[in-house]
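Here the structure comes first, spelled out in structure tokens, and everything after it is commentary.
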Amino acid sequence: MKPLSKIYTALILLFLFAPILILLVFSFNGARSTSVMSGFSLHWYEELFRDYQTLGAVRNTLILAVSAAVISTMMGTAAAVGIYRLRNRYLRVALDTVTNIPMINPDIITGISLMLMFVFVGRLFGAATSLNFGTMLIAHVTFCLPYVILQVLPKLQQMDKALPEAAMDLGCTPLMAFLKVEVPEILPGIVTGMIMAFTLSLDDFVISYFTAGNGFETLPIRIYDMTKKTVTPKMYALATIIFFVILALLLVSNLMDADTSENMKKAREKKRARRRNTAPSQTAAE
Amino acid sequence: MKRIFAVLLAVVMTLGLCLSLTGCGGGNAKTLNVYNWGEYISDGSEGSLDTIKAFEKWYEETYGEKVRVNYTTYASNEDMYAKLSSGAVSYDVIIPSDYMIARMADEGMLLPLNFDNIPNYQYIDESFHGLYYDPDDTYTVPYTYGVVGIIYNANVVDEADVGDWDLMWNEKYAGNIVQFNNSRDAFATAQYKLDLDVNDPDTASWDRALEELKAQKPLVKSYVMDEIYNMMESGEAAIGAYYAGDYFTMLDAQADSVDLRFYYPERTNYFVDAMCIPSCCQNQELAEIFINYMLSEEPAIANAEYIYYASPNRLVYESEEYAEELGEEAMEILYPGIDNFSELYNAYAYQNLSNDLLSYITSLWETLKIG
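First to last, the sequence lines map onto chains P and F.
Those letters in the first sequence? Residues 1 to 286, by my numbering.
Those letters in the second sequence? Residues 1001 to 1371, by my numbering.
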């Protein structure tokens, strides 16, 4: 059984990483080909840094993803708190379901319906063009919101209801109780929601495609548009860089996680030690 | 906690500031919105001319005014058409292909050009006047053109078998042939082979082409679009039809064991991509100045060298510098010296088909792919 499971793990890792590895290798190809290797070269990296259209698209993508993540996190957290505080159970379930609809909806339907709405509203106000960065941002916030709510709501439900009450008993105003007690408690959910919103916005193609106006091109759209001729290995170089940046971020965040869990472990041990001192019989039973 | 909120607030405010700046586009600078195919303009890579930047600079020097070119790309005529007809965006210059130009002109989506602003139009070869999509030369200035030919690997294919479209139906090379993965192009190969009209409104003619494609199917390795580059370069496939300009891209990257060659069948497909001004244009004169600039010598040559498709511009194909850069073989293939181009073009190029016929073709195509 042991070797079999090892082979299985190896296969899964292979399927996950072989495409990235191939891309990485071909980003160093000397020739234009994406199938025939002809020597090592940094040529495509050089070309990439000279291609200001692509770099502009990267910048646009990042601006859009950061603003969409920040806005949807703030709105989503507020919405989750609102849903959590609802007294009426039926209303709460109904709202929960409604926020989930955009998540289950196919991207293409969200994209087209958003575009139609923007065009309709634009015509209503007599604008010559209705799609621009703003509409794209609204679209991205729209599809990121449910994911943030989905991350924050369970954290609120896990929280001890007595905590904010205790804070207010001890003299906090409701706002202070929220900021000083509830927010730190649900912070992991908020952060996860923001990261999810960021990544979703970063690699969205379909919805961006329908809601993009002139002049604001994101990276996925730019790569798609290259398919009349071929996608140049420049894009391989770019993907390689993005891969390593994300890998570095992941490593840092995992290290930090490990650090905090280490601290928590130490704290727990301390607690246990203290308990052992006060109630030795209990530890013996353990 | 306060600090986190302060940081968030600061981020949001700076973003807002950035947005308001980009929104105004730097105050009084004029903006020109250009919508073109992806990778279809010389963009400064590999030491080429950066056409867009060069235009902005040239415009400022000539007119003493700043202009900002907002350059966006699309992947197909249909994408471009969908975006424009939604009415949600406005572009000043677009570069669609022939059949799409005909359709857009029919629907009143193009503006007639004022050729007084485009004096460089005189350099466009006579044979590109009066083509079917714009019979009176009112809407368009040709940008590139191309002809479909057959690419084969001479290490696999016997020279004796080379000739016309029959090579793609030759049983000797079963499993080595790639066919277009798009109904119009695939049907056209069969139609040219059988000497049928590629724009025939009669469904019977498409049924016959389908029979021919069905007969070819057991020989076909796969139906491809731009995967053809990799397959031909690596020798995975040995025979396939594609545009002459793209053959050189494959030739540049072929593996050592592969020897790619190219020829034109007797009847084949021609396309022209042309610059037009859509009716949503905000500044027609500026758009015409841009079109005129694209026809002038330096940018026209840079674009032709970058795109590697043939140029209808005399300043390009008569330029010695350009001929030297491309080399003799490429010049011969890209410019086969067609005297009666407009005649062949009007006979063999794709024209816009009725929606009923298009959906009929789609259903035939599905029976071929599934059956």
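Cβ coordinates follow ideal geometry from the N, Cα and C atoms, glycine included.
Every value quoted in this text rests on a predicted model; they were computed, and no experiment measured them.
Residue i to residue j span [Cα, whole Å]
i	j	result
Ser-38 (chain P)	Asp-1256 (chain F)	10 Å
Phe-1115 (chain F)	Ala-1105 (chain F)	17 Å
Glu-1212 (chain F)	Asp-225 (chain P)	33 Å
Phe-216 (chain P)	Thr-1073 (chain F)	10 Å
Thr-1138 (chain F)	Thr-142 (chain P)	44 Å
Tyr-1348 (chain F)	Met-1331 (chain F)	23 Å
Thr-1249 (chain F)	Pro-220 (chain P)	24 Å
Lys-234 (chain P)	Ile-22 (chain P)	14 Å
Phe-178 (chain P)	Ala-167 (chain P)	9 Å
Pro-19 (chain P)	Leu-11 (chain P)	13 Å
Met-74 (chain P)	Phe-125 (chain P)	29 Å
Ile-242 (chain P)	Tyr-1243 (chain F)	33 Å
Ile-1124 (chain F)	Arg-1314 (chain F)	6 Å
Ile-1277 (chain F)	Ile-1094 (chain F)	6 Å
Val-1156 (chain F)	Trp-1365 (chain F)	29 Å
Met-1080 (chain F)	Ile-223 (chain P)	16 Å
Ser-41 (chain P)	Asn-29 (chain P)	6 Å
Asn-1036 (chain F)	Tyr-1270 (chain F)	20 Å
Leu-150 (chain P)	Leu-114 (chain P)	22 Å
Leu-1196 (chain F)	Phe-15 (chain P)	47 Å
Glu-1233 (chain F)	Val-1178 (chain F)	13 Å
Leu-1021 (chain F)	Ser-1342 (chain F)	Residue placement at Leu-1021 (chain F) cannot be trusted, given a pLDDT of 40 that sits under 50; the coordinates are not used to answer.
Ser-1354 (chain F)	Ala-1209 (chain F)	18 Å
Phe-198 (chain P)	Gly-56 (chain P)	18 Å
Residue i: CB within 7 Å of a non-hydrogen atom of the ligand PLP
i	result
Ala-1160 (chain F)	The ligand PLP is not part of the structure shown, which contains no ligands of any sort.
Test: residue i CB closer than 8 Å to a CB of chain F
i	result
Arg-59 (chain P)	no
Gly-189 (chain P)	no
Arg-272 (chain P)	no
Arg-85 (chain P)	no
Met-117 (chain P)	no
Asp-203 (chain P)	no
Tyr-224 (chain P)	yes
Delimiting residues of the beta strand (DSSP E) encompassing residue i
i	result
Phe-1115 (chain F)	From DSSP, Phe-1115 (chain F) is part of no beta strand (DSSP E); its letter is neither H nor E.
Gly-111 (chain P)	It is not in any beta strand (DSSP E) - Gly-111 (chain P) instead sits in the alpha helix (DSSP H) that spans 107 to 124.
Lys-1221 (chain F)	1220 to 1224
Bridge-paired residues (DSSP) for residue i
i	result
Asn-1182 (chain F)	BP columns for Asn-1182 (chain F) are empty, so no partner.
Thr-1051 (chain F)	Per DSSP, none; premise fails for Thr-1051 (chain F).
Pro-1142 (chain F)	F:Ala-1274
Phe-1262 (chain F)	F:Ile-1151
Trp-1037 (chain F)	F:Tyr-1074
Val-1069 (chain F)	F:Leu-1032
Tyr-1243 (chain F)	F:Val-1148
Ser-1097 (chain F)	F:Asp-1273
Asp-1158 (chain F)	According to DSSP, which records beta bridges pairwise, Asp-1158 (chain F) is partnered with nothing at all.
Leu-1110 (chain F)	F:Pro-1278
Asn-1170 (chain F)	BP columns for Asn-1170 (chain F) are empty, so no partner.
Ala-1310 (chain F)	F:Tyr-1145
Thr-29 (chain P)	Residue identity differs from the one stated: residue 29 (chain P) is Asn in this sequence, not Thr. Answer is P:Phe-40.
Proximity test, Cβ basis, 8 Å: residue i and chain P
i	result
Val-1089 (chain F)	yes
Gly-1108 (chain F)	no
Ser-1085 (chain F)	no
Glu-1046 (chain F)	yes
Gly-1149 (chain F)	no
Lys-1070 (chain F)	As written in the sequence, residue 1070 (chain F) is Asn, which differs from the Lys given in the question. Yes, because at least one Cβ of chain P sits closer than 8 Å to the Cβ of Asn-1070 (chain F).
Ala-1241 (chain F)	no
Thr-1073 (chain F)	yes
Asp-1043 (chain F)	yes
Glu-1039 (chain F)	yes
Ser-1183 (chain F)	no
Thr-1362 (chain F)	no
Residue span of the alpha helix (DSSP H) that contains residue i, given as start and end
i	result
Arg-87 (chain P)	From DSSP, Arg-87 (chain P) is part of no alpha helix (DSSP H); its letter is neither H nor E.
Ala-1209 (chain F)	1203 to 1216
Met-37 (chain P)	Note, Met-37 (chain P): premise wrong, no alpha helix (DSSP H); not H, not E.
Cys-144 (chain P)	133 to 158
Phe-210 (chain P)	206 to 211
Asn-1292 (chain F)	1284 to 1295
Thr-192 (chain P)	183 to 202
Contacts of residue i in chain B (Cβ-Cβ under 7 Å)
i	result
Ala-1253 (chain F)	No chain B is part of this structure, whose protein chains are labelled P and F.
Report task. Kindly confirm or deny that the region 1161 to 1179 of chain F and the region 1123 to 1137 of chain F touch, where touching means at least three C-beta pairs closer than 8 Å. Result -> No, the region 1161 to 1179 of chain F is not in contact with the region 1123 to 1137 of chain F.
Query raised in the report: For the region 151 to 166 of chain P against the region 181 to 194 of chain P, are there 3 or more C-beta pairs whose distance is under 8 Å?
Result: Counting Cβ pairs under 8 Å, three or more are found: they touch.
Requested in this report: Specify whether the region 1291 to 1311 of chain F and the region 1140 to 1159 of chain F touch according to this definition: at least 3 beta carbon pairs, one from each stretch, less than 8 Å apart.
Outcome: Contact holds between the region 1291 to 1311 of chain F and the region 1140 to 1159 of chain F, because three or more Cβ pairs, one in each stretch, are under 8 Å apart.
Query raised in the report: Can you find at least 3 beta carbon pairs, one from the region 1353 to 1362 of chain F and one from the region 1278 to 1293 of chain F, that sit closer than 8 Å?
Result: Between the region 1353 to 1362 of chain F and the region 1278 to 1293 of chain F, the count of Cβ pairs shorter than 8 Å is below three; the stretches do not touch.
Requested in this report: Determine contact between the region 1231 to 1238 of chain F and the region 1054 to 1071 of chain F, defined as no fewer than three beta-carbon pairs at a distance below 8 Å.
Outcome: In this structure the region 1231 to 1238 of chain F does not lie against the region 1054 to 1071 of chain F, because fewer than three pairs of beta carbons, one per stretch, are closer than 8 Å.
Query raised in the report: Do the region 244 to 260 of chain P and the region 56 to 66 of chain P make contact, defined as three or more Cβ pairs closer than 8 Å?
Result: No, because fewer than three Cβ pairs between the region 244 to 260 of chain P and the region 56 to 66 of chain P fall closer than 8 Å, the two stretches do not touch.
Query raised in the report: Should the region 1294 to 1309 of chain F be regarded as contacting the region 1029 to 1046 of chain F, the criterion being three or more beta carbon pairs within less than 8 Å?
Result: They touch, by the three-pair rule.
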